[in-house]
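Take a look at the structure set out below.
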Amino acid sequence: MKLLFTTLLAALSCFAYAEDNWQTMENNYKFEGDTYGVELRTYADDDYDHVEFTSKLSSNLKAAVRIAEDGETTEYRPKLTHKVLKKGPFSFAHRLEYRYFEGPKDDNARYRWIAKLNAGGLWLTAQPRWEFGHGKTGDAKVDSVKWQTGFDLPLATNVTLTPFAEYLTAGEDGKWQKEHLIGGTTLKVKF
């Protein structure tokens, strides 16, 4: 497990000093109860912000609605996440979401897998994503992959700070080219 994380960090370090990396920082603030939660996300030097409301429907099913603004465009994104498997340090889930945009951007649906390795607070996720709808090819090829790695740092019994790095690549049609490499933080409060 440690070898996997070390290999990933070494691979990411190759890209760390390119001019187009680390141009923004994602900051998340999550407030979660037993059933309901809210998340706020902002980016440094970017017009994108969102608020997301979540409801835990069962132990392995969660519904959410995200309202995002990116400059002049507003997006409404209902989504459903289903946790399928948790075995040792590995977990797997999948998500279906519909992205409705006000303005000139085309609406579309997106489906993703969420595979996660977690060892002692150090974690890695891989999220291949497929998009369907207006302006999308509708094939079975992966449209993008979001990679994240981070560390959960407990600050109190109900407060966790998580610094992380995110690497986003285009899918097969985009020849797996890098779209961005950014840093971020998540401050989570459970009540």
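Residue numbering for the sequence shown is 1144 to 1334, as defined by our numbering. The beta carbon of each residue, even a glycine, is placed where N, CA and C say it ideally should be. Here the structure is a predicted model, which means the values were calculated and not measured.
Under three-state DSSP, which class holds D1334? The sequence given here has Phe at residue 1334, not Asp. Three-state DSSP puts F1334 in coil, outside helix and strand.
Can you name, in chain order, every residue of its own chain whose Cβ lies under 8 Å from the Cβ of T1328, other than the five neighbours on each side? M1168, E1169, N1170, N1171, L1304, T1305, P1306, F1307
Beta carbon of E1212, beta carbon of K1333: below 8 Å? no
For D1189, is the beta carbon positioned less than 7 Å from some heavy atom of the ligand ZN? In terms of ligand content, the structure shown is empty, and the ligand ZN therefore cannot be addressed.
Excluding sequence positions up to five away, which residues of its chain have a Cβ less than 8 Å from the Cβ of A1252? L1239, E1240, Y1241, R1242, E1274, F1275, G1276
Near D1297, what residues of its chain come up, given a Cβ to Cβ distance below 6 Å and the 5 sequence neighbours on each side ignored? Residue identity check: residue 1297 is Pro in the sequence provided, not Asp. Closer than 6 Å at Cβ, skipping near neighbours: T1303.
Roughly how many angstroms lie between the CA atoms of E1218 and G1264, to the nearest whole one? 32 Å
Which residue marks the beginning of the beta strand (DSSP E) containing V1194, and which one marks its end? 1191-1201
Should V1285 be labelled buried (16 or more other beta-carbon atoms within 10 Å of its own) or exposed? buried
On the DSSP bridge assignment, give the partners of K1259 in chain order. S1234, T1268
Close-in-space but distant-in-sequence residues of the same chain around H1225 (CB under 7 Å, 5 per side omitted): N1203, L1204, A1236, H1237
State the Cα-Cα distance for the pair P1247 and G1214, rounded to the nearest angstrom. 12 Å
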